[in-house]
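Notes follow once the structure below has been shown.
Protein chains: 2
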Amino acid sequence: MNLSSTHQKFVIHFGEMGARWGMNRTVGQIYAVLFLSEDPLCADDLVNALGVSRSNVSMGLKELQAWQLVRLQHQPNDRREYFSTPSDMWEIVRTLVDQRKAREIDPTLTVLRELQLDGDFDSSSEYAQERIQSTTQMIELLTEWYDDMRLVDSQRLEKLLKMGAAAQKVLDFKDKVTGKGGKN
Amino acid sequence: MNLSSTHQKFVIHFGEMGARWGMNRTVGQIYAVLFLSEDPLCADDLVNALGVSRSNVSMGLKELQAWQLVRLQHQPNDRREYFSTPSDMWEIVRTLVDQRKAREIDPTLTVLRELQLDGDFDSSSEYAQERIQSTTQMIELLTEWYDDMRLVDSQRLEKLLKMGAAAQKVLDFKDKVTGKGGKN
DNA sequence: CTGTAGTTTCAGCAATTACTGAAATATACG
DNA sequence: CGTATATTTCAGTAATTGCTGAAACTACAG
Numbered sequence: 001m002n003l004s005s006t007h008q009k010f011v012i013h014f015g016e017m018g019a020r021w022g023m024n025r026t027v028g029q030i031y032a033v034l035f036l037s038e039d040p041l042c043a044d045d046l047v048n049a050l051g052v053s054r055s056n057v058s059m060g061l062k063e064l065q066a067w068q069l070v071r072l073q074h075q076p077n078d079r080r081e082y083f084s085t086p087s088d089m090w091e092i093v094r095t096l097v098d099q100r101k102a103r104e105i106d107p108t109l110t111v112l113r114e115l116q117l118d119g120d121f122d123s124s125s126e127y128a129q130e131r132i133q134s135t136t137q138m139i140e141l142l143t144e145w146y147d148d149m150r151l152v153d154s155q156r157l158e159k160l161l162k163m164g165a166a167a168q169k170v171l172d173f174k175d176k177v178t179g180k181g182g183k184n
Numbered sequence: 185m186n187l188s189s190t191h192q193k194f195v196i197h198f199g200e201m202g203a204r205w206g207m208n209r210t211v212g213q214i215y216a217v218l219f220l221s222e223d224p225l226c227a228d229d230l231v232n233a234l235g236v237s238r239s240n241v242s243m244g245l246k247e248l249q250a251w252q253l254v255r256l257q258h259q260p261n262d263r264r265e266y267f268s269t270p271s272d273m274w275e276i277v278r279t280l281v282d283q284r285k286a287r288e289i290d291p292t293l294t295v296l297r298e299l300q301l302d303g304d305f306d307s308s309s310e311y312a313q314e315r316i317q318s319t320t321q322m323i324e325l326l327t328e329w330y331d332d333m334r335l336v337d338s339q340r341l342e343k344l345l346k347m348g349a350a351a352q353k354v355l356d357f358k359d360k361v362t363g364k365g366g367k368n
């Protein structure tokens with residue numbers, strides 16, 4: 001790696017984290033290099049930066065594309081494929097959450113709904129039924145909330161987040177004034 | 185597995201998901217069985233339910249304890265250790281998020297802060313510095329928001345979530361009325 | 001103590017996942 | 001076309017992770 005020490009530490013750390021985030025070391029490192037690079041990079045740049053095989057980079061990039069975390073583009077008069085990461089941090093966060101939701105939450109929601117439709121609930125305990133139902137409801141509540149917040153523009157989102165739990169007080173107050181309003 | 189078909193499907197699915205959630209199949213399955221069981225279960229109950237080795241169950245339970253997802257308890261006149269999951273769904277969600285935050289976010293925040301302190305930033309590009317800084321800020325914003333929301337009681341939290349993006353409008357309105365208030 | 005029931009540890013094996021280099025495929029350009 | 005360059009696929013291997021049974025440990029009862 002011919003990168004500065006700061007660069008290196010960052011890349012190595014993202015490699016370690018990549019594993020915990022459902023990718024793998026190389027994929028995490030590729031992402032980190034692209035993330036810190038102002039200009040798009042081609043596969044060979046990544047081979048040089050990371051010292052892994054060309055084919056490994058190819059597979060890694062494919063996976064990052066599946067995650068929609070990198071963008072493919074072309075340079076004029078150059079056949080090679082160049083990759084970059086979005087410059088907008090919110091876009092990156094949204095993609096990450098979307099993807100992990102799609103991989104870690106949505107399949108469960110599908111199964112839970114199936115269980116409640118076709119499940120032979122007679123043979124399963126009352127308690128288990130309740131548990132499955134309240135799990136479904138919890139996931140629905142959280143994902144619906146996220147689908148909703150997803151659409152708020154960055155500036156407002158930032159404001160909302162900074163406000164944090166204080167928002168809750170404003171809304172409590174509003175309830176009192178308007179006489180228990182809200183969607184629920 | 186001597187469980188109902190609904191039970192079985194649920195357990196098998198959580199096994200598959202366990203892998204994606206940073207545990208592994210057996211750990212996911214153990215959790216699923218405990219989650220659906222009204223009464224606490226001992227290790228041998230889990231061996232019977234899942235058909236895996238006693239030692240595997242032991243290791244799995246150890247990991248679930250590390251995740252703080254199960255509770256150890258004792259029955260009167262029985263030396264065996266019994267395990268259960270909290271009945272409150274919010275408690276479970278909170279634990280899950282806490283744990284994943286601790287494993288997947290906090291270490292990164294630590295590294296990013298280190299990089300900004302001791303990093304030899306001279307040798308690293310301007311752009312990379314900006315990226316590292318805005319990543320730090322983004323993570324700080326999100327984790328501070330979570331730390332804040334964590335403390336809101338379940339009922340209010342549910343209300344807030346159901347309100348979703350609509351909350352934003354109420355707050356926009358409040359801004360206009362009070363003349364740009366809020367923490368920011 | 002000694003015996004017994006419960007639990008944990010761990011070495012060895014199994015299964016899965018990650019990585020490589022070589023071969024195959026695709027693409028642009030003369 | 002043909003050839004040079006870029007990319008992907010894939011079989012084989014390396015590394016990691018998961019699982020088991022046997023042995024070691026623990027705690028309690030007699």
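Residue numbers (the working numbering), protein chains in the order written: chain R, 1 to 184; chain Y, 185 to 368.
The beta-carbon is built from N, C-alpha and C at its ideal position, and this holds for glycine as well.
In this structure, how does DSSP classify residue i when only helix, strand and coil are distinguished?
i	result
Thr68(R)	Looking at the sequence shown, residue 68(R) is not Thr but Gln. Gln68(R): coil per DSSP, three-state reduction.
Gln75(R)	coil
Ala203(Y)	helix
Glu222(Y)	coil
Ser242(Y)	helix
Ser53(R)	coil
Ser125(R)	coil
Gly366(Y)	Low local confidence applies: a pLDDT of 43 at Gly366(Y) is under 50, so the model's placement there is unreliable, with the coordinate-based value given in what follows. Coil, per DSSP.
Ala43(R)	helix
Ala165(R)	coil
Ile105(R)	coil
Ser188(Y)	coil
Asn24(R)	coil
Ile12(R)	helix
Could you pull out every residue in the same chain whose Cβ sits closer than 6 Å to the Cβ of residue i, ignoring the five residues on either side in sequence?
i	result
Asp88(R)	none
Gln133(R)	none
Phe35(R)	Thr85
Ser293(Y)	A small fix is needed here, since residue 293(Y) is Leu in this sequence, not Ser. These residues qualify, in order along the chain: Ile323.
Val236(Y)	Thr210
Glu298(Y)	none
Glu265(Y)	Leu256
Lys285(Y)	none
Gly15(R)	Arg25, Gly28, Gln29
Ser154(R)	Trp90
My assumption, with CB atoms under 8 Å, is that residue i sits in contact with residue j. Please give the rounded CB distance.
i	j	result
Val111(R)	His197(Y)	5 Å
Thr188(Y)	Ser124(R)	According to the sequence as given, residue 188(Y) is Ser; it is not Thr. Rounded, the Cβ-Cβ distance is 4 Å, consistent with contact.
Gly164(R)	Trp329(Y)	5 Å
Tyr215(Y)	Leu253(Y)	6 Å
Ala43(R)	Leu61(R)	7 Å
Leu341(Y)	Ala351(Y)	No, Leu341(Y) and Ala351(Y) are not in contact; Cβ-Cβ is about 12 Å, not under 8 Å.
Val152(R)	Val354(Y)	13 Å between Cβ atoms; not a contact.
Phe371(Y)	Pro224(Y)	Absent from the structure is residue 371(Y), since the part of chain Y shown begins at 185 and ends at 368.
Val217(Y)	Ala203(Y)	The pair is not a contact, with the Cβ atoms about 17 Å apart (cut-off 8 Å).
Once the 5 residues before and after residue i are set aside, which same chain residues still bring their CB inside 7 Å of it?
i	result
Ile105(R)	Ile139, Thr143
Asn184(R)	For Asn184(R), the pLDDT reaches just 41, beneath the cut-off of 50, and the residue's location in the model is therefore unreliable, leaving the point undetermined.
Met17(R)	Gly28
His7(R)	Leu36
Leu230(Y)	Ile214, Val217, Val241
Could you give the residue range of the alpha helix (DSSP H) that holds residue i?
i	result
Ser271(Y)	That residue, Ser271(Y), is in no alpha helix (DSSP H); it is neither H nor E in DSSP.
Leu337(Y)	In the sequence on display, residue 337(Y) carries Asp and not Leu. No alpha helix (DSSP H) contains Asp337(Y), which DSSP labels as neither H nor E.
Arg80(R)	Careful: Arg80(R) lies outside any alpha helix (DSSP H) and carries neither H nor E.
Could you name the residues of the same chain whose beta carbon sits closer than 8 Å to that of residue i, not counting the 5 residues immediately before and after it, in chain order?
i	result
Arg94(R)	Arg150
Ile136(R)	The sequence as given places Thr at residue 136(R); Ile does not occur at that position. Around Thr136(R): Leu109, Leu112, Arg113, Gln116.
Arg103(R)	Gly22
Ser58(R)	Ala43
### Query
Quick one, which residues of the region 91–110 of chain R are near chain Y if we go by CB-CB under 8 Å, in chain order?
Val93, Arg103, Glu104, Pro107, Thr108
#### Entry: Near-chain R residues of the region 196–212 of chain Y (beta-carbon distance less than 7 Å), N- to C-terminal order
His197, Met201, Arg204, Trp205, Gly206
### Message
Counting only Cβ-Cβ distances shorter than 8 Å, please list the residues of the region 238–259 of chain Y near chain R, keeping chain order.
### Response
none
### Query
Listed in chain order, which residues of the region 211–229 of chain Y have Cβ atoms closer than 7 Å to some Cβ of chain R?
Phe219, Leu220, Glu222
### Message
Residues of the region 150–172 of chain R in Cβ contact with chain Y at a cutoff of 9 Å, in chain order, please.
### Response
Arg150, Leu151, Val152, Arg156, Leu157, Glu158, Lys159, Leu160, Leu161, Lys162, Met163, Gly164, Ala165, Ala166, Ala167, Gln168, Val170, Leu171, Asp172
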